[in-house]
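Undergrad: Got a structure for you, written out below as structure tokens; questions coming shortly.
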Amino acid sequence: MRVAVIGSGLAAVATLNALVARGLKPIVLDYGECLDTGRQQLVDTLSALPPQQWAAAGRAVLCHNPTLANKQAVPTKLAFGSDYFYGRPQPLAPLLREADMPPLSYAYGGLSVGWGGSALPADACDMADWPLAARQLHGYYAQILARLPYSACADSLSLNFPLHKTGSDAVRLSAGNRLLLAKMAASGLAAKDRVVFGQARLLLQLADTPAANACQYCGCCMSGCVYGAIYKASQDIDRLRAAQHIEYVGGVLVQELAEAAGQVRVSLVRAGGEPEVLTFDRVFVAAGAVGSTRLVLQSKRLYGQAVRLKSTGGFVMPLFSVQKMPSAWPHENTLPGVFLEFKVKGLSEHWVHTQLSTPNEMVLAKLGLAKETQGAWQSLKRLLSAHLLVAHCNLHSDHCNGYSLQLEQAVNGPATLVATPQHLTESRHALKKTAQALFTLGRQWGCYALLPFSQTSASFHVGGSLPMCATPVLETDTDSDGRPKGWQRIHIVDSSVFPSLPGTTIGLLAMANASRIASEVELS
297 MRVAVIGSGL AAVATLNALV ARGLKPIVLD YGECLDTGRQ QLVDTLSALP
347 PQQWAAAGRA VLCHNPTLAN KQAVPTKLAF GSDYFYGRPQ PLAPLLREAD
397 MPPLSYAYGG LSVGWGGSAL PADACDMADW PLAARQLHGY YAQILARLPY
447 SACADSLSLN FPLHKTGSDA VRLSAGNRLL LAKMAASGLA AKDRVVFGQA
497 RLLLQLADTP AANACQYCGC CMSGCVYGAI YKASQDIDRL RAAQHIEYVG
547 GVLVQELAEA AGQVRVSLVR AGGEPEVLTF DRVFVAAGAV GSTRLVLQSK
597 RLYGQAVRLK STGGFVMPLF SVQKMPSAWP HENTLPGVFL EFKVKGLSEH
647 WVHTQLSTPN EMVLAKLGLA KETQGAWQSL KRLLSAHLLV AHCNLHSDHC
697 NGYSLQLEQA VNGPATLVAT PQHLTESRHA LKKTAQALFT LGRQWGCYAL
747 LPFSQTSASF HVGGSLPMCA TPVLETDTDS DGRPKGWQRI HIVDSSVFPS
797 LPGTTIGLLA MANASRIASE VELS
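Under our numbering, read the sequence shown as residues 297 to 820, first letter to last.
In structure tokens:
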């Protein structure tokens, strides 16, 4: 059987692993942008040294982030100082958008190139509108985590978010993060208060392997891990290619899909501009929510039809702790240290996902404290920063703005995807209530949310544009196997098929759902 997978992100690798387990050798069709040569050489150089031997200039390039200069917005996370993994309009895939753009990627490994590896399963209360029960994914979480690096420990999070893996170790937290967890535990917060918390769960390597080195506590986690300790989908792609379990075809942009005579025709363009048509028995689309939506709209000729792309959203807020929160930066892991999940009374039964930690290198750089400079003002800022925590809250898509996607046909040339941000009044109300709830919670462990300094943050979790339904009605609806209405051999497997998006991290959820589809669908 000839099977193709489009894309190389988290959903793609979960699909590939499931298909390989079924005895198939899938063909991967991917654009596959990579880090520029100069930065890759720097990464290779630094990865061969312990952090203590890094040159100051190399560390500066690694952590350089020009978006920190924008005082009006939350900084954009980069990978080794580069934003290459954020997709830009392509000549054959033009995109018209305002400044606020939904995330997409043409990178080798997709958006996982720049993520932080946070991983939580979805709770049933956040999947109430899905055509499958949350428990149907439990076995797939376990399968996925069995082969991935996983920093996690049993705590109150497990009451609603099972570990799905035994015997995991946990990364060493900063002294401030450990103190925060202790204060939260002593405050009496518990599940009965619609609150659970614990050490952040991360797809993070804690022991050296042939594929990646263990975390070296270099203090640059939010800028990209030169050691490969933070899991990326590209690591799985590399492994599968090396074992010859898949065939990887890079430098291609898929333009259109069509079913005919029991097969799928894939129209694509290679990097040199040569059009080509390939034929498969089955195709799994994991091009990311924006890319997959565009491909379905183009293939079905749904021009001028607006589709809602859902998004999670939230805010970043500093908290001031009465007690000093010790930090040994830069000799620390700077990924989120604590997960706090809570439900806001009078808002909904959905969890608000909050990542808490002592300041990371991006926060310290924004405060001007990442370099050893002297002066009274610097000393005062260092004193205050020792009492600082940072909270990043994320809400369920039911409470958040999203985007409208519409494909506009061109007289000559490819159609343009128009992305328009949606600003909903109820979203502002939800953010305000959530911020007030966080302030109330923080006081219980001696931390005061600095509400005036809160900044709304754009989310990189989007989807829901091709929602799974028990019975697809619209042309953009999909069934529980991710098949758009009227199609039998084409399966959409990324977050575009989520009926809604939990506020909790969705990477592990996307992998589990993709694995479910690729494992259970009848291939004959």
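Glycine included, each C-beta is placed from N, C-alpha and C at the ideal position.
The structure presented is a predicted model; accordingly, all values stated were derived computationally and were not measured.
Between which two residues does the beta strand (DSSP E) carrying Gln-651 extend?
TA: Translated into the one-based positions of the sequence shown, residue 651 becomes position 355. Residues 648 to 653.
Undergrad: Starting from the N-terminal side, write out each stretch of the alpha helix (DSSP H) that is 4 residues or longer and does not extend beyond the segment 529 to 599.
TA: Counting only runs of 4 or more, we get 529 to 538, 584 to 595.
Undergrad: Distance, Cα to Cα, Arg-779 vs Leu-549?
TA: Position 483 of the sequence shown, counted from the start, is the residue given in the question as residue 779. Position 253 of the sequence shown, counted from the start, is the residue given in the question as residue 549. Approximately 21 Å between the Cα atoms of the pair.
Undergrad: I need the straight-line Cα distance from Pro-398 to Cys-765, nearest angstrom please.
TA: Residue mapping note: residue 398 aligns to position 102 of the sequence shown, counting from 1. Residue mapping note: residue 765 aligns to position 469 of the sequence shown, counting from 1. About 24 Å.
Undergrad: State the start and end residues of the unbroken alpha helix (DSSP H) segment that holds Leu-364.
TA: Against the sequence shown, residue 364 aligns to sequence position 68. From DSSP, Leu-364 is part of no alpha helix (DSSP H); its letter is neither H nor E.
Undergrad: Following the continuous beta strand (DSSP E) through Asn-690, name the residue where it begins and the one where it ends.
TA: Here residue 690 refers to the residue found at position 394 of the sequence shown. 684 to 691 is the span of the beta strand (DSSP E), which, as asked, contains Asn-690.
Undergrad: Can you check whether the CB of Pro-362 is closer than 8 Å to the CB of Lys-662?
TA: Taking the sequence shown and counting its residues from 1, one reaches residue 662 at position 366. Taking the sequence shown and counting its residues from 1, one reaches residue 362 at position 66. The answer is no: Cβ separation not under 8 Å.
Undergrad: Take Ala-430 and list the residues in its own chain whose beta-carbon comes closer than 7 Å to its own, dropping the five residues that flank it on each side.
TA: Residue numbering aside, residue 430 sits at position 134 when the sequence shown is read from its first letter. Ala-418, Asp-419, Ala-420, Met-423, listed in sequence order.
Undergrad: Please report how far the alpha carbon of Leu-288 lies from the alpha carbon of Leu-416, in whole angstroms.
TA: Coverage of the chain is limited to positions 297 through 820, which leaves residue 288 absent and any answer about it impossible.
Undergrad: For the beta strand (DSSP E) that Thr-716 lies in, which residues bound it at each end?
TA: Counting from 1 along the sequence shown, the entry for residue 716 is found at position 420. Where Thr-716 is concerned, the enclosing beta strand (DSSP E) stretches over 712 to 718.
Undergrad: Going by DSSP, what residue range makes up the beta strand (DSSP E) through Tyr-744?
TA: Translated into positions along the sequence shown, residue 744 becomes position 448. Tyr-744 -> beta strand (DSSP E) spans 743 to 745.
Undergrad: Can you give, in chain order, each stretch of the alpha helix (DSSP H) that sits fully within the segment 326 to 385 and has at least 4 residues?
TA: If we require 4 residues or more, the alpha helix (DSSP H) runs fully inside the segment 326 to 385 come out as 333 to 343, 352 to 359.
Undergrad: Could you check what DSSP says for Arg-431 in three-state terms: helix, strand or coil?
TA: For this step, residue 431 is matched to residue 135 along the sequence shown. Three-state DSSP puts Arg-431 in a helix.
Undergrad: Taking CB distances under 8 Å as the criterion, tell me whether Gln-594 reaches chain B.
TA: Here chain B cannot be found, since the structure has a single protein chain.
Undergrad: Compare the beta carbon distance of Ile-428 and Gly-494 with 8 Å and say whether it is the shorter of the two.
TA: Numbered from its first residue, the sequence shown carries residue 428 at position 132. Numbered from its first residue, the sequence shown carries residue 494 at position 198. The displayed chain sequence assigns Leu, not Ile, to residue 428. Not closer than 8 Å, so no.
Undergrad: According to DSSP, is Ser-607 helix, strand or coil?
TA: Residue mapping note: residue 607 aligns to position 311 of the sequence shown, counting from 1. It is a strand residue.
Undergrad: Measure the C-alpha to C-alpha separation of Pro-291 and Val-545 and round it to an integer number of angstroms.
TA: Since the first residue shown for the chain is 297 and the last is 820, residue 291 is missing from the structure and cannot be characterised.
Undergrad: Specify the secondary structure class of Arg-393 as computed by DSSP and reduced to three states.
TA: Within the sequence shown, numbered from 1, the residue matching residue 393 stands at position 97. Residue state, collapsed to three classes: strand.
Undergrad: Relative to the C-alpha of Val-324, which residue among Gly-405, Leu-391, Ala-715 is closest?
TA: Taking the first residue of the sequence shown as 1, we reach residue 324 at position 28. It is Gly-405 whose Cα lies nearest to the Cα of Val-324.
Undergrad: Looking at C-alpha atoms only, which residue of Gly-377, Ala-529, Ser-470 is the closest neighbour of Gly-803?
TA: Here residue 803 refers to the residue found at position 507 of the sequence shown. Among Gly-377, Ala-529, Ser-470, the Cα nearest to that of Gly-803 is on Ala-529.
Undergrad: For Asp-532, collect the residues of the same chain with a Cβ closer than 8 Å to its Cβ; drop the 5 residues on either side in sequence, then sort them by chain order.
TA: For the purposes of this step, residue 532 is taken as the residue at position 236 of the sequence shown. Val-309, Leu-312, Asn-313.
Undergrad: If Ile-302 and Val-634 are in contact, beta carbons under 8 Å, what's the gap, nearest whole angstrom?
TA: Here residue 302 refers to the residue found at position 6 when the sequence shown is read from its first residue. Here residue 634 refers to the residue found at position 338 when the sequence shown is read from its first residue. Rounded, the Cβ-Cβ distance is 37 Å, inconsistent with contact.
Undergrad: Should Leu-499 and Leu-444 be called a contact, given that it needs their Cβ atoms to be closer than 8 Å?
TA: Position 203 of the sequence shown, counted from the first residue, corresponds to residue 499. Position 148 of the sequence shown, counted from the first residue, corresponds to residue 444. Yes; because the gap between Cβ atoms is below 8 Å, this pair is in contact.
Undergrad: For Gly-738 and Gly-609, I'd like the C-alpha separation in whole angstroms.
TA: Taking the first residue of the sequence shown as 1, we reach residue 738 at position 442. Taking the first residue of the sequence shown as 1, we reach residue 609 at position 313. About 20 Å.
Undergrad: Pop quiz: Leu-615 and Leu-455 are said to be a contact at Cβ under 8 Å. What is the actual Cβ separation, rounded to whole angstroms?
TA: Mapped onto the sequence shown, residue 615 falls at position 319. Mapped onto the sequence shown, residue 455 falls at position 159. Not quite, the Cβ-Cβ distance comes to about 24 Å (not below 8 Å), so this is no contact.
Undergrad: Note down, in chain order, each residue of its chain lying with its Cβ closer than 8 Å to the Cβ of Gly-412, except the 5 sequence neighbours on either side.
TA: The residue labelled residue 412 in the question sits at position 116 within the sequence shown. The residues are Lys-373, Leu-498, Cys-517, Met-518, Ile-526, Leu-631, Pro-632.
Undergrad: Looking at C-alpha atoms only, which residue of Ala-582, Gly-354, Thr-505 is the closest neighbour of Gly-794?
TA: The residue you call residue 794 lines up with position 498 of the sequence shown. Going by the sequence as given, residue 794 is Phe instead of Gly. Measuring from the Cα of Phe-794, the nearest candidate turns out to be Ala-582.
Undergrad: Go ahead and label Ala-352 buried or exposed: buried means 16 or more other beta carbons lie within 10 angstroms of its beta carbon, across all protein chains shown.
TA: The sequence position of residue 352 within the sequence shown is 56, counting from 1. Exposed, because fewer than 16 other Cβ atoms sit within 10 Å of the Cβ of Ala-352.
Undergrad: Could you tell me which uninterrupted alpha helix (DSSP H) segments, each at least 4 residues in length, are contained entirely in the segment 413 to 474, listed from first to last along the chain?
TA: Here the runs fully enclosed are 434 to 442.
Undergrad: Gly-799 and Leu-643 - do their beta-carbons sit closer together than 8 Å?
TA: Along the sequence shown, read from residue 1 onward, the residue named residue 643 stands at position 347. Along the sequence shown, read from residue 1 onward, the residue named residue 799 stands at position 503. No, they are not a contact pair.
Undergrad: What do you get for Asp-465, buried or exposed, if any count of 16 or more other CB atoms within 10 angstroms of its CB means buried?
TA: By one-based count along the sequence shown, residue 465 stands at place 169. Under this definition Asp-465 is an exposed residue.
Undergrad: Could you tell me whether the Cβ atoms of Ala-507 and Arg-537 are closer together than 8 Å?
TA: In the sequence shown, the residue the question calls residue 507 occupies position 211. In the sequence shown, the residue the question calls residue 537 occupies position 241. Contact flag unset, no.
Undergrad: DSSP state of Gln-674, grouped into three classes?
TA: As a position in the sequence shown, residue 674 is number 378, starting the count at 1. Three-state DSSP puts Gln-674 in a helix.
Undergrad: Within this structure, are the beta carbons of Ser-623 and Ser-414 separated by less than 8 Å?
TA: The residue labelled residue 623 in the question sits at position 327 within the sequence shown. The residue labelled residue 414 in the question sits at position 118 within the sequence shown. Contact: no.
Undergrad: Cβ of Val-758 within 8 Å of Cβ of Ser-588?
TA: Taking the first residue of the sequence shown as 1, we reach residue 758 at position 462. Taking the first residue of the sequence shown as 1, we reach residue 588 at position 292. Cβ distance not < 8 Å, so Val-758 and Ser-588 don't count as in contact.
Undergrad: Starting from Val-309, follow the beta strand (DSSP E) in both directions and report where the run begins and ends.
TA: Your numbering for residue 309 matches position 13 in the sequence shown. That residue, Val-309, is in no beta strand (DSSP E); its alpha helix (DSSP H) goes 306 to 317.
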